[in-house]
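Quick note on numbering: the sequence shown equals residues 1058 to 1957 in the numbering used here.
Using N, Cα and C, we set each Cβ at its ideal position, and we do this for glycine too.
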Amino acid sequence: MTSLLEELLSCCSASQKIQLPWLIINSLFAIATQILKYLLKFVTHTSSLTFFFLFIVNLLDSRTVMGDLGWIAYPKNGWEEIGEVDENYAPIHTYQVCKVMEQNQNNWLLTSWISNQGASRIFIELKFTLRDCNSLPGGLGTCKETFNMYYFESDDEDGRNIRENQYIKIDTIAADESFTELDLGDRVMKLNTEVRDVGPLTKKGFYLAFQDVGACIALVSVRVYYKKCPSVVRNLARFPDTITGADSSQLLEVSGVCVNHSVTDEAPKMHCSAEGEWLVPIGKCLCKAGYEEKNNTCQVCRPGFFKASPHSPSCSKCPPHSYTLDEASTSCLCEEHYFRRESDPPTMACTTPSPVSSVKKGKITKNSISLSWQEPDRPNGIILEYEIKYFEKDQETSYTIIKSKETMITADGLKPGSAYVFQIRARTAAGYGGFSRRFEFETSPVSVAASSDQSQIPIIVVSVTVGVILLAVVIGFLLSGRRCGYSKAKQDPEEEKMHFHNGHIKLPGVRTYIDPHTYEDPNQAVHEFAKEIEASCITIERVIGAGEFGEVCSGRLKLQGKREFPVAIKTLKVGYTEKQRRDFLGEASIMGQFDHPNIIHLEGVVTKSKPVMIVTEYMENGSLDTFLKKNDGQFTVIQLVGMLRGIASGMKYLSDMGYVHRDLAARNILINSNLVCKVSDFGLSRVLEDDPEAAYTTRGGKIPIRWTAPEAIAFRKFTSASDVWSYGIVMWEVMSYGERPYWEMTNQDVIKAVEEGYRLPSPMDCPAALYQLMLDCWQKDRNSRPKFDEIVSMLDKLIRNPSSLKTLVNASSRVSNLLVEHSPVGSGAYRSVGEWLEAIKMGRYTEIFMENGYSSMDAVAQVTLEDLRRLGVTLVGHQKKIMNSLQEMKVQLVNGMVPL
Ligand code: ACK
């Protein structure tokens, strides 16, 4: 073979001709590998788009095998190994064959047995050079520019002697670039890299074979590998090393195991893609009570600190007048002479009693006793309310609690002629004081003189008593509702836990959003729901944007006993009015009530110094709409669905809490470096709620028409169902990478078109199942729209079964679902196709359009996406520009915007 090459390439020896270039390449490999390593280090440290690191496991790399590869070539004069070593004296296993002058070549090169180590899909990367047949002297009719790759599965090494026809063909391998004598002269090496994958594999290993049928090839390296998703800890759950699935589109659902000292909140799961990437984390673990999260682990609360429930974010210092000497405390004990009610939260301070001392009886009837008392001398703060506990004498186990802001109450529904015991205590911001001593009063006895018929007495007594009790129950219920009170007899242990908010009974375990406006003093609401942070704990680093009330900055927060971490800081500009301060902090009062992985987390507020600040978790990738526009076309459908799933899950939480967002839009979603989306911006709802005129004068000036359901625009019917409509618009924004809904149509035209039944068309390349979900969210009848929990389940189903996302909305149904009916584009807007294309900066396609019969605007109106592709408009951005412009023209026409 060498002599043949010498003839063919007359300047150098044959081995030089093939080896020389790949020796250069080998050194280039070494340099490139080093550069790549540094780059990877740099990227993983600096990129805000940190994806999980993916793992490739080599099963064979011919470049790193030190000894004999053990490959077999036959016939013997076919493939031959070049016995060279590199600069480190490591053998370079390159095989070459070049029988281009001889007819009927059938040269086989068999690898040794390769164990697949349990992988069911493996990848083979070949690096090779191939001689350009045309550059060889004439008359070489037999010269080929391809070779074939085969495999044969076997559980052990016995399969070596199998026949050629038992091998299964993987592919014919062709070179992207073949080299000529000229390239060799210039020392230009055209090294080809081809990767093929094989699967599903069912045995323990396999052989590879390379068949040459008359080409001039040097096989420089063969690398066989499989991919796996590497073990990670995410949301406090550990996910094991997971070998990717056999199918190239398969997503393996993997369950995570909660790390030490953590408990399951929602079953943690992630999906391992065929590419070895972890995608779409679902669920999470939480550090159990007494432990807090640090660096993906749960660390014990130190003595003096406690954490009452897995849902509390971190260990807190024991509240005033309480202590704990143990690690992992879930609550703190009150110091001597300090008290806390059993049902008080463990965050409440222990207080010394300031007890109510003088209690006077007022009016007494046979069923009621009125009491009044004096505020304690040293109340230890402002008294927020009194708690009055009373029970029938000697019946202490069954008692009633009334809460009152006044210093008097009337206990009714009592038995006539019975003694009742009363105790009163006051509550300040620091908690409850001790109960007063016991005061005993008696109801009046029933008068029986009025009855003339003695025999009727028992009946009358019974019916009066029953009537009185029923009346008392009804009155009691009405009163408790009206006063948002807590009056409940302790008959049923659950009942004592019941709370009333705005007249609604709140069931135990279901948290409800409390509108900060229901507080007389908005400052009280802020401090109830948000932690006060000392300004000295915050380092502001840079301004990242402008908020409604002042600048938004990024910075770091260092709380005592905690690691410093990045935060976003919203500031209230100087010279604010009291109303602005109230509105600004109102957002914190709302945000502070939420605790969900898809809702932006409030760290706390600074109100005691200036500037007033709201501190939240930092979201590296900022707002979703800007992020998507910046990364147009760069995510897989599964990644986009993962984002949508997160938003839906956050919205489900808000709707369960009874909170209606009213301004759900991609600009109000923040996204972090793990592509987790979180709902933010809890400001607008307040404004709309209170001011009937404000529907059209909210902060941007207007209600967000394009995102808002028709019933909310028409008669301000904002509900979770109207949030679902907005969610559909967010889906559309996400799938179209931040496109503006309804493009440049005016708000009035949008309202009109939607009222007339038109809806946004499907974004390009959108899975049909997702577009259908959008249309469901945009049902005119709000009761027919899906609920957020249904949306979450539906998206979960799609994620679990990615093949269901493969059916895309095709071009023809895109057209039938256009915002307007399919009407011809008239010649009114543009006089010629050229003028139109120039106007949208696509003038380069004018000639192609004209040559293919699209010479009039009417003809252009029929263009579909497929037509564009056929015409050679292959850039997705250009396809979008042209299709969107066409849609706009159609919309404008129907709305009479464009003169015909
Ligand atoms: O798109 P952005 O970078 O993301 O610009 C806006 C800007 O501040 C004004 O709202 C950014 N922003 C707001 N809250 C946060 C946050 N928690 N983390 C990171 N960026 C934020 C937002």
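For Ala-1476, is the classification buried or exposed, using 16 other Cβ atoms within 10 angstroms of its Cβ as the cut-off for buried? Numbered from 1 along the sequence shown, position 419 holds the residue referred to as residue 1476. Around the beta-carbon of Ala-1476, fewer than 16 other beta-carbon atoms lie within 10 Å, marking it exposed.
Under the three-state DSSP convention, the category Asp-1510 falls into: As a working mapping, residue 1510 is identified with position 453 in the sequence shown. Low per-residue confidence applies at Asp-1510: pLDDT is 38, beneath 50, and the placement is therefore not dependable enough to give any value.
Is the CB-CB distance between Glu-1442 and Arg-1482 below 7 angstroms? Along the sequence shown, read from residue 1 onward, the residue named residue 1442 stands at position 385. Along the sequence shown, read from residue 1 onward, the residue named residue 1482 stands at position 425. Against a cut-off of 7 angstroms, the Cβ pair of Arg-1482 and Glu-1442 comes out as no contact.
In the DSSP assignment, find the unbroken beta strand (DSSP E) run with Thr-1765 in it and report its ends. As a first step, residue 1765 is located in the sequence shown; it is residue number 708 there, counting from the start. It is not in any beta strand (DSSP E) - Thr-1765 carries neither H nor E in the DSSP assignment.
If we call anything under 7 angstroms between Cβ atoms a contact, is Ala-1645 one with Val-1736? Within the sequence shown, numbered from 1, the residue matching residue 1645 stands at position 588. Within the sequence shown, numbered from 1, the residue matching residue 1736 stands at position 679. Cβ atoms of Ala-1645 and Val-1736: not closer than 7 angstroms.
Does Leu-1943 come out as helix, strand or coil in the three-state DSSP assignment? Locating residue 1943 in the sequence shown gives position 886, counting from the first residue. Reduced to three states, the DSSP call for Leu-1943 is helix.
Once the 5 residues before and after Ser-1611 are set aside, which same chain residues still bring their CB inside 7 angstroms of it? Here residue 1611 is taken as the residue at index 554 of the sequence shown, counted from 1. Within the same chain, and ignoring the five residues on either side of Ser-1611 in sequence, the residues whose Cβ sits closer than 7 angstroms to its Cβ are Glu-1598, Arg-1599, Ile-1601, Pro-1623, Ala-1625 and Tyr-1675.
Beta-carbon spacing of Ala-1825, Thr-1864 below 7 angstroms: What you label residue 1825 is simply residue 768 of the sequence shown in a count that begins at 1. What you label residue 1864 is simply residue 807 of the sequence shown in a count that begins at 1. In this structure, the beta-carbon distance from Ala-1825 to Thr-1864 falls below 7 angstroms.
Counting along the chain, where does the alpha helix (DSSP H) carrying Trp-1782 start and finish? Along the sequence shown, read from residue 1 onward, the residue named residue 1782 stands at position 725. Under the DSSP assignment, Trp-1782 falls in the alpha helix (DSSP H) whose first and last residues are 1777-1792.
Endpoints, beta strand (DSSP E) assigned at Leu-1614: The sequence position of residue 1614 within the sequence shown is 557, counting from 1. Start and end: 1608-1614.
Roughly how many angstroms separate the alpha carbons of Asn-1205 and Ile-1227, rounded to a whole number? Translated into the one-based positions of the sequence shown, residue 1205 becomes position 148. Translated into the one-based positions of the sequence shown, residue 1227 becomes position 170. As the crow flies, the alpha-carbon of Asn-1205 is around 8 angstroms from that of Ile-1227.
Any heavy atom of ligand 1 closer than 6 angstroms to the CB of Tyr-1794? Along the sequence shown, read from residue 1 onward, the residue named residue 1794 stands at position 737. Not under cutoff, so the answer is no.
Take Ala-1087 and list the residues in its own chain whose beta-carbon comes closer than 7 angstroms to its own, dropping the five residues that flank it on each side. Along the sequence shown, one-based indexing puts residue 1087 at 30. Any reading at Ala-1087 needs caution, since the residue's pLDDT is 43, under 50, leaving its predicted position unreliable; the model's value is listed next. Residues of the same chain with their beta carbon placed closer than 7 angstroms to that of Ala-1087 are lacking, with the five preceding and five following residues left out of the count.
How do the region 1843-1863 and the region 1660-1679 stand: do at least 3 beta-carbon pairs fall below 8 angstroms, yes or no? These segments do not touch.
Report all residues from its chain with a CB closer than 7 angstroms to the CB of Gln-1223; omit the five preceding and five following residues, and keep chain order. For the purposes of this step, residue 1223 is taken as the residue at position 166 of the sequence shown. Once the five neighbours on either side are set aside, the close Cβ partners of Gln-1223 are Phe-1209.
Label Arg-1220 either buried or exposed according to how many other C-beta atoms from any shown protein chain fall within 10 Å of its C-beta, with 16 as the threshold for buried. Within the sequence shown, the letter at position 163 stands for residue 1220. Per the 10 Å Cβ criterion, exposed.
Measuring only the C-alpha atoms, how far is Gly-1340 from Thr-1381? Taking the first residue of the sequence shown as 1, we reach residue 1340 at position 283. Taking the first residue of the sequence shown as 1, we reach residue 1381 at position 324. If you take the alpha carbons of Gly-1340 and Thr-1381, they lie about 32 angstroms apart.
Using DSSP with H/G/I as helix, E/B as strand and the rest coil, what is Asp-1228? Mapped onto the sequence shown, residue 1228 falls at position 171. In the structure shown, Asp-1228 sits in a strand (DSSP, three-state: E or B).
Length-filtered (3 minimum) beta strand (DSSP E) runs lying within the region 1461-1491: Here the runs fully enclosed are 1465-1468 and 1476-1485.
For ligand 1, I want to know if Val-1672 counts as a neighbour, meaning its beta carbon is within less than 6 angstroms of at least one of the ligand's heavy atoms. Position 615 of the sequence shown, counting from 1, holds the residue named residue 1672. Flag unset: Cβ of Val-1672 not near ligand 1.
For His-1150, name the three-state secondary structure that DSSP assigns. By one-based count along the sequence shown, residue 1150 stands at place 93. Here His-1150 sits in strand by DSSP.
Span of the beta strand (DSSP E) around Asp-1254: Your numbering for residue 1254 matches position 197 in the sequence shown. Asp-1254 -> beta strand (DSSP E) spans 1249-1255.
With three or more C-beta pairs closer than 8 angstroms as the rule, is the region 1769-1783 touching the region 1650-1667? Segments in contact, no.
Assess contact between the region 1163-1176 and the region 1185-1192, defined as three or more Cβ pairs (one per stretch) separated by less than 8 angstroms. Is contact present? They do not touch, by the three-pair rule.
Mind the definition here: the region 1798-1805 touches the region 1934-1948 only if three or more C-beta pairs lie below 8 angstroms; say whether that holds. In short, these stretches touch, since the Cβ pair count reaches three.
Quick one, which of Ile-1230, Val-1255, Ser-1388 and Ser-1319 has its alpha-carbon nearest Ala-1331's? Residue numbering aside, residue 1331 sits at position 274 when the sequence shown is read from its first letter. Looking from the CA of Ala-1331, the closest CA among Ile-1230, Val-1255, Ser-1388 and Ser-1319 belongs to Val-1255.
Nearest-angstrom Cα distance between His-1150 and Cys-1372? Counted from its first residue, the sequence shown places residue 1150 at position 93. Counted from its first residue, the sequence shown places residue 1372 at position 315. Roughly 60 angstroms between the two C-alpha positions.
What does the Cβ neighbour count give for Ser-1040, buried or exposed, with the cut at 16 atoms within 10 Å? It is not possible to answer for residue 1040, since the shown part of the chain is limited to 1058 through 1957.
What does the alpha-carbon distance come out to for the pair Ser-1119 and Val-1279? Taking the first residue of the sequence shown as position 1, residue 1119 is located at position 62. Taking the first residue of the sequence shown as position 1, residue 1279 is located at position 222. Between Ser-1119 and Val-1279, the C-alpha separation is close to 5 angstroms.
How big is the Cα-Cα spacing for Tyr-1348 and Thr-1354? Counted from its first residue, the sequence shown places residue 1348 at position 291. Counted from its first residue, the sequence shown places residue 1354 at position 297. For Tyr-1348 and Thr-1354, the gap between their C-alpha atoms comes out near 9 angstroms.
Return the Cβ separation of Ser-1860 and Ser-1379 in integer angstroms, given the expectation that the two are a contact with Cβ distance under 8 angstroms. The residue labelled residue 1860 in the question sits at position 803 within the sequence shown. The residue labelled residue 1379 in the question sits at position 322 within the sequence shown. Between the beta-carbon of Ser-1860 and that of Ser-1379 there is about 57 angstroms, and that puts the pair past the 8 angstroms contact cut.
If you draw a straight line from the C-alpha of Ser-1783 to the C-alpha of Trp-1835, how long is it? Locating residue 1783 in the sequence shown gives position 726, where the first residue counts as 1. Locating residue 1835 in the sequence shown gives position 778, where the first residue counts as 1. Distance between the alpha carbons of Ser-1783 and Trp-1835 is about 8 angstroms.
Pull up the distance between the alpha-carbon of Glu-1577 and that of Arg-1639, whole angstroms please. Taking the sequence shown and counting its residues from 1, the one referred to as residue 1577 is at position 520. Taking the sequence shown and counting its residues from 1, the one referred to as residue 1639 is at position 582. About 12 angstroms.
Between the beta-carbon of Asp-1738 and the beta-carbon of Asn-1725, is there less than 7 angstroms? The residue given as residue 1738 occupies position 681 in the sequence shown. The residue given as residue 1725 occupies position 668 in the sequence shown. The answer is yes: Cβ separation under 7 angstroms.
Helix, strand or coil: how does DSSP classify His-1328 here? By one-based count along the sequence shown, residue 1328 stands at place 271. Strand at His-1328.
Closest residue to Pro-1818 among Asn-1580, Leu-1832 and Ile-1808 (Cα-Cα distance): By 1-based counting over the sequence shown, the position of residue 1818 is 761. The residue from Asn-1580, Leu-1832 and Ile-1808 with its alpha-carbon nearest to that of Pro-1818 is Leu-1832.
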